[in-house]
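Visitor: Numbering (the numbering used here), first residue to last: 1 to 290.
Let me give you the structure first, and then I'll get to my questions.
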Amino acid sequence: MLDALDVEPGQRVLEIGTGTGYNAALLASRLGDEQVVTVELDAELADRARQALKDAGLDPVVVTGDGAAGHPDRAPYDRVVATAAVAAGRIPQAWIEQTRPGGRLVVPWRTTWGAGVLVTLVVHDDGTATGSVAGDAFFMPLRDHRTPWGHAARFGRLAEDSDLPATTTGLPPNRAVYDRGGSFAVGVQVPDVQHSVAHDDTDPDVWELLLFHVDSGSWATVQTTPDATAASRFDVRQHGPRRLWDEVEAAHDWWHRHGEPDPDRFGMTLAGGRQTMWLDTPETEAHISE
1 MLDALDVEPG
11 QRVLEIGTGT
21 GYNAALLASR
31 LGDEQVVTVE
41 LDAELADRAR
51 QALKDAGLDP
61 VVVTGDGAAG
71 HPDRAPYDRV
81 VATAAVAAGR
91 IPQAWIEQTR
101 PGGRLVVPWR
111 TTWGAGVLVT
121 LVVHDDGTAT
131 GSVAGDAFFM
141 PLRDHRTPWG
151 HAARFGRLAE
161 DSDLPATTTG
171 LPPNRAVYDR
181 GGSFAVGVQV
191 PDVQHSVAHD
201 DTDPDVWELL
211 LFHVDSGSWA
221 TVQTTPDATA
231 ASRFDVRQHG
241 PRRLWDEVEA
251 AHDWWHRHGE
261 PDPDRFGMTL
271 AGGRQTMWLD
281 TPETEAHISE
């Protein structure tokens, strides 16, 4: 992460998420105490980090507050790095506004589908930012970006009680969930959809994929059995205004038609309140988050 940040002497850095203070210690040792600001929401963690830094002979600025707001008092920054993941489409505008033109942001970014990557962005004179995926990254999300628990069980009961007729699909559900590139493409193009997997206790080759979208109440299930796998035909049931498996299948087909790219070929543009994901060049849009 610090390699991606690419700091140089004399630069000012804002870190979102102090944690133990280890990153801040490395940055302060390289740049000097006065060049490093780190923000931690948890007051107890912030106090511990201050003490640990002091014990190490370091004194960067440790701020107790909401990292999503950055720290405008010492802006602009040459570099901004987050140690908590942001949800797709929700990179805080404050981080962009507090980065000087030509400055860089390094942000863990995740979808509700579960795919997590590290994104590096450069801020331009017009206030927009562009960048690319720089590898996988799995970090605890910002507090207000966390996915609520408990919905999978509720939607699972709804699906279990349903007698909807089944259609079939030729896309093995494990490809949409476990293929690194395919699952990332699904996460990018199918917003706000979550999934869970339930395995049969007696047969590991029998399992069900549950998809659900909380706001619309939509859900879908895809059944995997040995017979379905042999025939490459899997039973699908869908309910609600969003046909979730149809969306997943279309996203996976898009990924296949574009050569099954790895996540590292994706990039991002932030402009005018929109966060656009694209493949290889901004002209090949993958998804737009309002």
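By construction, the Cβ of each residue, glycine as well, lies at the ideal position given by its N, Cα and C atoms.
How is the alpha helix (DSSP H) around Ala159 delimited, first residue to last?
Guide: 151-160
Visitor: DSSP three-state call for Asp73: helix, strand or coil?
Guide: helix
Visitor: Looking at the secondary structure, which residues open and close the beta strand (DSSP E) in which Ile16 lies?
Guide: 13-16
Visitor: Locate the beta strand (DSSP E) running through Gly116, then write down its first and last residues.
Guide: Judged by DSSP secondary structure, Gly116 falls within the beta strand (DSSP E) whose first and last residues are 116-123.
Visitor: As a quick exercise: from Phe234, Asp280, Met140, pick the residue whose alpha carbon is nearest that of Ala166.
Guide: Closest option to Ala166, Cα to Cα, is Phe234.
Visitor: Answer yes if the segment 206-218 comes into contact with the segment 130-145, meaning at least three C-beta pairs across the two stretches below 8 Å, and no otherwise.
Guide: By the C-beta criterion, the segment 130-145 is judged not to be in contact with the segment 206-218, since fewer than 3 inter-stretch pairs fall below 8 Å.
Visitor: Among all the DSSP beta bridges, which residues are the ones paired with Glu40?
Guide: Paired residues: Thr64.
Visitor: Assuming Gly319 is part of the beta strand (DSSP E), what are its boundary residues?
Guide: Because the chain in this structure spans residues 1 to 290, residue 319 falls outside the shown range and cannot be described.
Visitor: Whole angstroms is fine: what's the gap from Glu290's alpha carbon to Val123's?
Guide: In this prediction, Glu290 scores a pLDDT of 45, lower than 50, which makes its location untrustworthy; the coordinate-derived value is nonetheless stated afterwards. Roughly 19 Å between the two C-alpha positions.
Visitor: For the alpha helix (DSSP H) that contains Trp255, what are its first and last residues?
Guide: For Trp255, the uninterrupted alpha helix (DSSP H) segment begins and ends at 244-257.
Visitor: Residue range of the alpha helix (DSSP H) that Val186 falls in?
Guide: It spans 180-189 - the alpha helix (DSSP H) in which Val186 sits, taken as one unbroken run.
Visitor: Can you name the residues that DSSP bridges to Thr221?
Guide: Leu210, Arg237
Visitor: Considering only C-alpha positions, which residue in the set Val186, Thr225, Ala129 is nearest to Gly273?
Guide: Ala129
Visitor: So, at 8 Å on beta carbons, what are the nonlocal neighbours of Leu158 in its own chain, with the 5 sequence-adjacent residues on each side left out?
Guide: A distance below 8 Å between beta-carbons, with the five flanking residues on each side excluded, links Leu158 to the following residues of its chain, in chain order: Trp219, His239.
Visitor: Could you tell me which residues DSSP puts in a beta bridge with Thr168?
Guide: Asp235
Visitor: Leaving aside the five residues before and after Gln11 along the sequence, list all residues of the same chain whose C-beta is less than 7 Å from its C-beta, in chain order.
Guide: Leu31, Gln35, Asp78, Arg79
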